[in-house]
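In our numbering, the protein residues as written are 5 to 485.
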């Protein structure tokens, strides 16, 4: 992995550390202001909108970093925005027809009002996705970092005052969410406006050329859109199934638990993925190979992902009880269950853009469809027994198998050594387990949460020190910040 790759990841990571620190500090306040059912209602809306936002650009945003010149880049950007407008119109029609039925099916009457804002959310999500892809292609990772910081900060500092002044309500969580999306787009545009407007003015575009670019990248809407749709639906199945078979309170537990089990993915995996795709595309265009960048990126993902997920897997319950209060202990149990598969998601997902680079979107779509079907089947079957935990255990096991298959195909396409990748995973899993053994011992001999927290902090510092000492590339990247 090149030093510039690591430096770009760290640019995004530095902002995400700041934003997630703010989120972590304020989360106990928000959890004590709002009830689980409030989180559940907003989660249901986010699940529905998330499915549509993923395909709002028809995956043409992936063609932006692949542009060979500014004409192709701007054409891909325009195609992405036009696609977002079209999907926004479709979502508006669906809201008119289905909003009441959806609210009844998911046992959330308040959701019917929120669904009126679905088209706006889809439009903001689509435009934001296109702008982020343009920023990634231009190497404006600092701008992306500021956008992340502004989005999270704005959302939080709207939600808390509104909740305290006007009282607990799902609508204030929702207002904070929308505010964050708007701020992210505005901040990115401010940073990119000079370069973007310059390229837009000087680009040689015509309707015929834009159509030609759309046809050239047709595999993205044909394959990646379906793959993205299937993957998004499968990711959003738990809250939807939990809402249909249980209650918004259970969905609320899942929402908070999933948010924190996904913290390493949001903090690190997203940053690495945003840097990996344009870097890997460039290397493949220049050398025709991806072996080294895939192997090195996988190693980094394992190094920085295995340890925090093992912490969540072992100690999620008591950590949630301490941070959010005993009312949220069930969310901590959900976190422990979900960590079973999220560790594999964290390692495999950032590398999944390899399918696009090798034009193997069809394979990825078939895998994702298979995952969707399997997740849906096990969730519905286990929901019949009336125990939400069992649903999530089955979901985690099936999901783990899928992400292991993603790892296999990524390594196979890039001609990297699968056995070497497995050895790296086992090595750092063993190291993490050895470091966590003293904490497990502390938990067994004492019920004092503070002793456990002190032991975890010591372990985290020790693990980071070990990574710094044994890896020259990490040291070099740190020195370049």
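Here a beta-carbon is modelled for each residue, glycine too, at the ideal position from N, C-alpha and C. Since this is a predicted model, take the numbers as computed values, not measurements.
- A direct Cα-Cα distance of roughly 44 Å separates residue 454 from residue 371.
- Here residue 388 carries a coil assignment [DSSP, helix/strand/coil].
- Per DSSP, residue 129 is one residue of the alpha helix (DSSP H) stretching across 122 to 141.
- Nearest neighbour of residue 106 by Cα position, chosen from 154, 61 and 52, turns out to be 52.
- The C-beta distance from residue 95 to residue 122 rounds to 5 Å, short enough to fall under 8 Å.
- Restricting attention to 279, 63 and 264, the CA atom closest to the CA of residue 338 is found in 264.
- Residue burial annotation: residue 131 is buried, with at least 16 other C-beta atoms found within 10 angstroms of its C-beta.
- Assignment of residue 114 by DSSP, reduced to helix, strand and coil, places it in the coil class.
- When the Cα atoms are used, residue 379 and residue 31 turn out to be separated by approximately 29 Å.
- In this structure, the CA atom of residue 189 is about 30 Å from the CA atom of residue 302.
- Annotated three-state conformation of residue 420 is coil, per DSSP.
- Closest in C-alpha terms to residue 213, from the list 193, 330, 88 and 82, comes 82.
- The beta carbon of residue 466 is closer than 8 Å to those of 439 in its chain, skipping five residues each way along the sequence.
- For residue 126 and residue 116, the gap between their C-alpha atoms comes out near 16 Å.
- Taking C-beta atoms under 8 Å as the contact rule, residue 345 and residue 404 qualify, at a distance of about 4 Å.
- Counted as a single uninterrupted DSSP element, the alpha helix (DSSP H) harbouring residue 257 occupies residues 252 to 265.
- With contacts defined as CB atoms closer than 9 Å, residue 309 and residue 324 fail to qualify as a contacting pair.
- Nearest neighbour of residue 470 by Cα position, chosen from 208, 436, 443 and 451, turns out to be 436.
- Shortest Cα-Cα distance from residue 329 to any of 359, 40, 114 and 196 involves 40.
- Distance check between residue 390 and each of 251, 100 and 267 places 251 closest, using alpha-carbon atoms only.
- For residue 304, the uninterrupted alpha helix (DSSP H) segment begins and ends at 295 to 328.
- The alpha-carbon separation between residue 60 and residue 87 amounts to approximately 6 Å.
- Residue 48 is positioned such that its CB atom lies closer than 9 Å to that of residue 255.
- At a cut-off of 4 residues, the continuous stretches assigned as alpha helix (DSSP H) that sit fully inside the region 164 to 230 are 174 to 206 and 211 to 220.
- In the structure shown, residue 63 falls within a coil segment according to DSSP collapsed to helix, strand and coil.
- By the Cβ test, the region 174 to 185 is not in contact with the region 237 to 251, since fewer than three Cβ pairs between them sit closer than 8 Å.
- Beta-carbon to beta-carbon, residue 151 and residue 191 are separated by about 4 Å, close enough to satisfy the 8 Å threshold.
- If you look at residue 109, you'll find it in the alpha helix (DSSP H) that goes 74 to 109.
- Taking a cut-off of 8 Å for Cβ pairs, the region 411 to 422 and the region 350 to 369 touch, as three or more such pairs fall below it.
- With contacts defined as CB atoms closer than 9 Å, residue 348 and residue 426 fail to qualify as a contacting pair.
- The C-alpha of residue 332 is placed about 41 Å away from the C-alpha of residue 284.
- Counting the other Cβ atoms within 10 Å of the Cβ of residue 443 gives 16 or more, which makes it buried.
- Residue 364 sits in coil when the DSSP states are folded into three classes, being neither helix nor strand.
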